[in-house]
Every structure is written in structure tokens, then in C-alpha cells.
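Engineer: Heads up: the sequence shown at position 41 corresponds to 74 in our numbering, and the numbers run straight through without jumps. Just so you know, even glycine gets a beta-carbon here, dropped at the ideal spot from N, CA and C. Everything numeric in this text was worked out from a predicted model, so none of it was measured.
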Amino acid sequence: MKPYSYIRGALRQYDIDQQYIAEQLGRSRAYVSQRFSGHGTFTLEEAYQIMGMCGVPASEVYKAFPPGGQAVHDKPKPRLFIARRADGARPW
34 MKPYSYIRGA LRQYDIDQQY IAEQLGRSRA YVSQRFSGHG TFTLEEAYQI MGMCGVPASE
94 VYKAFPPGGQ AVHDKPKPRL FIARRADGAR PW
């Protein structure tokens, strides 16, 4: 998944793009784009401003802006491997 997928989804619901965020933060669009790509981090103040733009409560800052942009639940789940018997048949 892309970094900051939770806040990206919330922003998409309100049709808020990175240019608008940049204008509200007083930053360049490149700055915002780099942060959403995982190159650098938002300040806590910027995180709260962005959350306020799309109605995400402050109590969910850990979901919206997890360390490194990746939430624990965003990591791929391990796949279960079931070996076949030597004769090629399934074990069940």
C-alpha cells in the first residue's frame, strides 16, 4: 500500500488534493508530495492541520500519520504454504 493510505482515503472523500493541502500549509506542492511519498515527515502541526481538513479526529493521529507512513495493518499478511505429498496428491 501507499504511505499514509488512511489519510489519503479521508482526503479523497472530501476531494482534497495535494495542491490544496500545500496552499493551506504554506508549503510547495513538491514538499507535500514528497511527504506523502515517504520522503520526509510531516510536522505534528501539519498532521493536525491536514486531519482537520478532512474531519479526522485528533485521537486517530496514529492511524492517519503512522511512523514511516505505514500502519501495522498495511503490511502484507504471510501466506500459508501447504505442501503436497510426494505422489502429488493433496494431503487432505
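#1: Return the chain-ordered list of same chain residues with a C-beta closer than 7 Å to the C-beta of Q103, the five sequence neighbours on each side being excluded.
#2: Report the three-state DSSP secondary structure of P36 (helix, strand or coil).
#3: Compare the beta carbon distance of A97 and Y39 with 8 Å and say whether it is the shorter of the two.
#4: Would you list, in sequence order, the uninterrupted alpha helix (DSSP H) runs of no fewer than 4 residues that lie entirely inside the region 42-72?
#5: Drop a sphere of 10 angstroms on the beta-carbon of A63, count the other beta-carbons inside from all chains shown, and report buried for 16 or more, exposed for fewer.
Structural biologist: According to the data block:
#1: P36
#2: coil
#3: yes
#4: 51-58, 62-69
#5: exposed
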